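Chemist: This is the structure I have questions about; it appears just below.
Protein chains: 2
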Amino acid sequence: MSAQTTARHRVVVIGSGFGGLFAVKKLAHEDVDVTLVSRTVHHLFQPLLYQVATGILSEGEIAPATREILRGQPNARVLLGDVLDVDVEARTVTFAGEGTTTTLPYDSLVVAAGAGQSYFGNDHFAEFAPGMKTVDDALELRGRIFTAFERAELASTPEEVARALTFVVVGAGPTGVEMAGQIAELANRTLRGEFRSIAPSTSRILLLDAADRVLPPFHPDLSRDTQDRLRQMGVDVRLKTRVTDLDGTGLTVVTPDGATKRIESETIMWAAGVEANPLGRLVAARTGAETDRAGRVVVAPDTSVPGFPEVFVVGDLMSLDKLPGVAQVAIQSGQHAARTIAARVAGRPVPGAFRYKDKGSMATISRFAAVAQVGRIRLTGFVAWAAWLFVHLLYLIGFKNRVTTLLHWAISFVGRGRTQRAVTKQQIVARTVIDRAEKSAGDQREHDVSGTVRA
Amino acid sequence: MSAQTTARHRVVVIGSGFGGLFAVKKLAHEDVDVTLVSRTVHHLFQPLLYQVATGILSEGEIAPATREILRGQPNARVLLGDVLDVDVEARTVTFAGEGTTTTLPYDSLVVAAGAGQSYFGNDHFAEFAPGMKTVDDALELRGRIFTAFERAELASTPEEVARALTFVVVGAGPTGVEMAGQIAELANRTLRGEFRSIAPSTSRILLLDAADRVLPPFHPDLSRDTQDRLRQMGVDVRLKTRVTDLDGTGLTVVTPDGATKRIESETIMWAAGVEANPLGRLVAARTGAETDRAGRVVVAPDTSVPGFPEVFVVGDLMSLDKLPGVAQVAIQSGQHAARTIAARVAGRPVPGAFRYKDKGSMATISRFAAVAQVGRIRLTGFVAWAAWLFVHLLYLIGFKNRVTTLLHWAISFVGRGRTQRAVTKQQIVARTVIDRAEKSAGDQREHDVSGTVRA
């Protein structure tokens, strides 16, 4: 790998999600050399992951290759790797990719490694209830959802059919609402007529949350509208309900009146919590910064780490002003960090504190129905859904992805089809495999880099 | 699962590829009940698998859900399952799917289980050199191909770069030629400008075959045209070259002059041989039929098993008249078996011997170049390529798949993009996982069904 000229200011960006990518792009015309390090080859458009999980879109459309996106930015390069360590004194980042370990020097560092699913300490839930944060998650869920119907068709007793056709979504934020709505559409519309022994519309779809309403970040009117629509679609919404245990045959919950109840289900998805990437704790340990309860790094108002003005933490990994871990926060904070770096390099006044511009929130419920709020404006129904489509198309990177996504939406929303129903062996065995592979890679890493790995 | 009325003739079809699917469809208006048993939920359009492996198409477009295809055929039902045994005396099929074991009675049976990759006895090659017969294969290859370029970008020595950028395709039939051509296009065109340390066009792409020309089933003029084009694209075509060993760092070959040579490569794909699904040997063992060297069942002229006129073997699993394992043979033999069954049920004269109508062969080499032959007519270049596109679109099942495939072709062939470059953890760890999962499932099966499993 060629060395970069030391004359130019070197920026290293960790992560190829919204925060990292938009930080890199914001530096396109600045006198800096940018290296983006990511553990995926692709930039993931998370808001549409649920459409991969339910067969509307292929993973390719929401996960374009990062280096293809940045091809036209000469001062940027992309390297595949998993960050092992950050040395904030020597100003280097060490990462491992494809069997190679590399140490990169930086003048400025933007840590945008994001967040993963949180099981609130019950990590063993993950094997039975995939989250919705990565392409692997979505593909695994897709396999489980579609084979659940196959299982029901093969079942010989009504109890087996019922258990196979019971779907549970834990977490009634936008992701959970979207998944529940889509499974209801699969059951009631898409799969109708395809089976001979079962009626897919007899599926039970449960949406659970410990909160007292769905979509807690939204205005209560929109929560109510969403809940009504979900119920009309046959989704059983259970609020003030807490999950205490979970395994391959179902879950145990505590109901609003305090009773313990068992729900039998073989297809459970977890959309209930997020926790920061472990890099958050690493950066905090190295810099003395604090982390919040989710592991996010508490930053200064300009998104830099207190005492380390050249190190920035943005997006889902950042804890600032109680900002939520949503796409707009990641985009804007990433851009803010980049503008700050650029200003310093050019000798311009720095932008100062990061001021988040809330451009609103949206969540889709079903075909032709969504909720959206921007300031005091609230939209529901078809208008909200059209707005949702428009905004998501706008932010989807890549012209060709937009075209194919539009086409798939026409197919799935106007038509009734799903073009992505292939189920591979990879998907079914994914969870245990990935865990096993990651564990042995982690053990190996501990062995290799014992001196520099964080405590 | 509901029992079917015993009044109607019951047809069981094993396999959802070309042979099985077209057999089922041919029986749509007959007085029979058809059950299609398949171990995948999808019908796989194999000829376009190489486009999944190289990022042009998503797996969904070439693998639509079988039960969606057959939704409108009331006398057909689809069940997911892996066939464990066929009892030709009792006329039952036993299969396991999603934890359930089912035994189905039949009046007629069509075995269309297809073929898999053959490593000519060297099954350990499979871990390092995926084949091209399933969606899992294609996705795994896609992951390996795209991460090979990532590895090269990270490499620190020229030797590492060279090894990462050496791609070997074993087998110069249509599949191998198509793969080699596509990787050359990736290296020379698609990925150009996306890397900073390497030039993808410096990739070495080798296409090996023990035969003395590429595309052996084609006319020698077309073989020569293909070889010329491949060489112009920078593909190193090595004929009369036999692979004797293969591992994670390369392969050992015997060159035309008898010398042994080592080729260093970390990305090897195997398109060199096919062997019949093990169900072929099972059926042969149960019926006393013979199998050929590839494990295919030698059938009577009407595709039935000698001595068992109600059992048919079609497609890649069938050995008849030296017919090759190509899509048209599978389609036509599947339809012939169905017509024979239908005639008997209706009391009509049976069609008699299966007469294959050779509708020609085609193989694509690169963008705008293919070869095609129909009888004495031979086409090359752009005309052949246009014909190839047209024919494949025609046979791709599902209107929406055709539309999205056309769109992706426009993107990849007119434009230079690939919309499907996502690499997931599932893909990378797939091979060892699937093997391990299949092995434990196989062991479990041996344990469960010890009395009925074939020798």
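Residue numbers (our numbering), protein chains in the order written: chain A, 45 to 499; chain B, 45 to 499. Built from N, CA and C at the ideal position, the CB exists for glycine as well. Quick caveat: nothing in here was measured; it's all calculated off a predicted structure.
I'd like the ranges of any alpha helix (DSSP H) spanning at least 4 consecutive residues and lying wholly in the segment 431-463 of chain B.
Modeler: DSSP runs (the alpha helix (DSSP H)) wholly in the segment 431-463 of chain B: 443-453.
Chemist: Within a Cβ cutoff of 6 Å, which residues of the same chain sit near A387(A), ignoring the five residues on either side of it in sequence?
Modeler: Here residue 387(A) is taken as the residue at index 343 of the first sequence, counted from 1. Counting only Cβ-Cβ distances below 6 Å, and skipping sequence neighbours, we find V394.
Chemist: Compute the minimum distance between the beta carbon of V76(A) and the heavy atoms of the ligand PLP, and state whether it is under 8 Å.
Modeler: This structure lacks the ligand PLP, and indeed carries no ligand of any kind.
Chemist: With 9 Å set as the bound, which would you pick, yes or no: does the beta-carbon of T270(A) sit closer than that to a beta-carbon of chain B?
Modeler: Within the first sequence, numbered from 1, the residue matching residue 270(A) stands at position 226. Not an interface residue.
Chemist: For I455(B), tell me which candidate among V81(B), A51(B), G99(B) and G64(B) has the shortest Cα-Cα distance.
Modeler: As a working note, residue 455(B) is residue 411 in the second sequence. Nearest option by C-alpha distance: G99(B).
Chemist: Let me know if P322(B) comes out buried or exposed under the rule of 16 or more other beta-carbons within 10 Å of its beta-carbon.
Modeler: On the second sequence, residue 322(B) is found 278 positions in, with the first residue counted as 1. It counts as exposed.
Chemist: Measure from the alpha carbon of V213(B) to the alpha carbon of each residue in F190(B), L250(B) and F193(B), then state which is nearest.
Modeler: For the purposes of this step, residue 213(B) is taken as residue 169 along the second sequence, with counting starting at 1. With distances taken between Cα atoms, V213(B) lies closest to L250(B).
Chemist: Is there a Cβ from chain B that is less than 9 Å from the Cβ of V493(A)?
Modeler: Numbered from 1 along the first sequence, position 449 holds the residue referred to as residue 493(A). Residue placement at V493(A) is poorly supported in this model, since its pLDDT is 35, which falls under 50; the coordinates still yield a value, given next. Chain B, which has no Cβ nearer than 9 Å to the Cβ of V493(A), makes this no.
Chemist: Within the continuous alpha helix (DSSP H) that includes T178(B), where are the two ends?
Modeler: Indexing the second sequence from 1 puts residue 178(B) at position 134. Segment: none, T178(B) is in no alpha helix (DSSP H) and carries neither H nor E.
Chemist: So what does DSSP say about G160(A), is it helix, strand or coil?
Modeler: Here residue 160(A) refers to the residue found at position 116 of the first sequence. It is a strand residue.
Chemist: In its own chain, which residues sit with a C-beta less than 6 Å from the C-beta of T147(B), not counting the 5 before and 5 after it?
Modeler: For the purposes of this step, residue 147(B) is taken as residue 103 along the second sequence, with counting starting at 1. Closer than 6 Å at Cβ, skipping near neighbours: T136 and T138.
Chemist: Where does H380(B) land, buried or exposed, given buried means 16+ other C-beta within 10 angstroms?
Modeler: To locate residue 380(B), count along the second sequence from 1; it is residue 336. Result: buried.
Chemist: Just to make sure I have the definition right: I need the residues of chain A whose C-beta is within less than 7 Å of the C-beta of A107(B). Which are they?
Modeler: The sequence position of residue 107(B) within the second sequence is 63, counting from 1. Simply A466.
Chemist: Assuming D75(A) contacts A390(A) under a Cβ cut-off of 8 Å, what Cβ separation, rounded to an integer in Å, is found between them?
Modeler: Position 31 of the first sequence holds residue 75(A). Position 346 of the first sequence holds residue 390(A). Yes, they are in contact, since the Cβ atoms of D75(A) and A390(A) sit about 7 Å apart, within 8 Å.
Chemist: Look at T463(B) and S102(A) and say whether their C-beta atoms are less than 9 Å apart.
Modeler: On the second sequence, residue 463(B) is found 419 positions in, with the first residue counted as 1. On the first sequence, residue 102(A) is found 58 positions in, with the first residue counted as 1. Yes.
Chemist: Do R340(A) and D365(A) have their CB atoms nearer than 9 Å?
Modeler: Residue mapping note: residue 340(A) aligns to position 296 of the first sequence, counting from 1. Residue mapping note: residue 365(A) aligns to position 321 of the first sequence, counting from 1. No, they are not a contact pair.
Chemist: Please classify M277(A): does DSSP put it in a helix, a strand, or coil?
Modeler: Here residue 277(A) refers to the residue found at position 233 when the first sequence is read from its first residue. Here M277(A) sits in coil by DSSP.
Chemist: Under 9 Å Cβ-Cβ, which residues of chain A neighbour Q117(B)?
Modeler: Position 73 of the second sequence, counted from the start, is the residue given in the question as residue 117(B). Going along chain A, no residue has its Cβ under 9 Å from Q117(B), so there is no contact; the nearest lies around 11 Å.
Chemist: Excluding the 5 residues preceding and the 5 following T210(A) in the sequence, name in chain order all residues of the same chain whose CB lies nearer than 6 Å to its CB.
Modeler: As a first step, residue 210(A) must be located in the first sequence, where it is residue number 166. R248 and S309, listed in sequence order.
Chemist: Closest by CA to V427(B), which one among T408(B), G332(B) and L230(B)?
Modeler: In the second sequence, the residue the question calls residue 427(B) occupies position 383. Of the listed residues, the one whose Cα sits closest to V427(B) is T408(B).
Chemist: Near V179(B), which residues of its chain fall below 6 Å by C-beta distance, leaving aside the five closest residues on each side in sequence?
Modeler: Translated into positions along the second sequence, residue 179(B) becomes position 135. Taken in chain order, the residues that qualify are E103 and A107.
Chemist: G61(B) CB to nearest chain A CB: under 9 Å?
Modeler: Position 17 of the second sequence, counted from the start, is the residue given in the question as residue 61(B). Not closer than 9 Å to any Cβ of chain A, the Cβ of G61(B) fails to qualify, so no.
Chemist: Quick one: is E34(A) near chain B, going by C-beta distance under 9 Å?
Modeler: The question about residue 34(A) has no answer, for chain A in this structure spans 45 to 499.
Chemist: Taking 9 Å as the threshold (beta carbon to beta carbon), is S247(A) in contact with chain B?
Modeler: Stepping through the first sequence from its first residue, residue 247(A) is reached at position 203. S247(A) does not count as touching chain B.
Chemist: Using a threshold of 9 Å, state whether the C-beta atoms of T234(B) and L93(B) are closer than that.
Modeler: Numbered from 1 along the second sequence, position 190 holds the residue referred to as residue 234(B). Numbered from 1 along the second sequence, position 49 holds the residue referred to as residue 93(B). For T234(B) and L93(B), no; Cβs fall outside 9 Å.
Chemist: Just curious, the alpha helix (DSSP H) that V389(B) is in, first and last residue?
Modeler: Working through the second sequence from its first residue, we reach residue 389(B) at position 345. Its alpha helix (DSSP H) spans residues A371 to A390.
Chemist: Quick one: residues in its chain with C-beta nearer than 7 Å to the C-beta of K401(B), no 5 flanking neighbours on either side, listed in chain order?
Modeler: Taking the first residue of the second sequence as 1, we reach residue 401(B) at position 357. Counting only Cβ-Cβ distances below 7 Å, and skipping sequence neighbours, we find Q376.
Chemist: With a cut-off of 8 Å on the beta carbons, I'd call R55(A) and V122(A) a contact; round off their distance for me.
Modeler: To locate residue 55(A), count along the first sequence from 1; it is residue 11. To locate residue 122(A), count along the first sequence from 1; it is residue 78. Note on identity: in this sequence residue 55(A) is Val, with Arg being the wrong assignment. With 8 Å as the limit, V55(A) and V122(A) do not qualify as a contact, their Cβ atoms being about 13 Å apart.
Chemist: What residue range does the beta strand (DSSP E) around L353(A) cover?
Modeler: Position 309 of the first sequence, counted from the first residue, corresponds to residue 353(A). It is Pro, not Leu, that sits at residue 353(A) in the sequence shown. Where P353(A) is concerned, the enclosing beta strand (DSSP E) stretches over F352 to V357.
Chemist: List, in order along the chain, the chain A residues whose C-beta lies closer than 7 Å to that of G317(B)?
Modeler: Locating residue 317(B) in the second sequence gives position 273, where the first residue counts as 1. Going along chain A, no residue has its Cβ under 7 Å from G317(B), so there is no contact; the nearest lies around 21 Å.
Chemist: Taking the alpha-carbon positions, what's the V96(A) to S363(B) distance?
Modeler: Taking the first residue of the first sequence as position 1, residue 96(A) is located at position 52. Taking the first residue of the second sequence as position 1, residue 363(B) is located at position 319. So the two alpha carbons sit approximately 41 Å from each other.
Chemist: DSSP on V127(A), reduced to helix/strand/coil?
Modeler: What you label residue 127(A) is simply residue 83 of the first sequence in a count that begins at 1. In this structure, V127(A) counts as strand in the three-state DSSP scheme.
Chemist: Go through its chain and collect everything with a Cβ distance to D291(B)'s Cβ below 6 Å, but skip five positions before and after it.
Modeler: Indexing the second sequence from 1 puts residue 291(B) at position 247. So the list reads F172, once near-sequence residues are dropped.
Chemist: Could you pull out every residue in the same chain whose Cβ sits closer than 7 Å to the Cβ of L367(A), ignoring the five residues on either side in sequence?
Modeler: Counted from its first residue, the first sequence places residue 367(A) at position 323. Cβ within range, chain order: V373 and Y400.
Chemist: Excluding five sequence neighbours on each side, which residues of the same chain lie with their C-beta closer than 6 Å to the C-beta of A231(B)?
Modeler: Here residue 231(B) corresponds to residue number 187 of the second sequence, with the count starting at 1. If we look at A231(B) and ignore the five residues flanking it on each side, its Cβ neighbours are P244, S245 and S247.
Chemist: Just verifying my parser: in three-state terms, what is the DSSP assignment at T513(A)?
Modeler: Outside the modelled stretch of chain A, which goes from 45 to 499, sits residue 513(A), for which no answer is possible.
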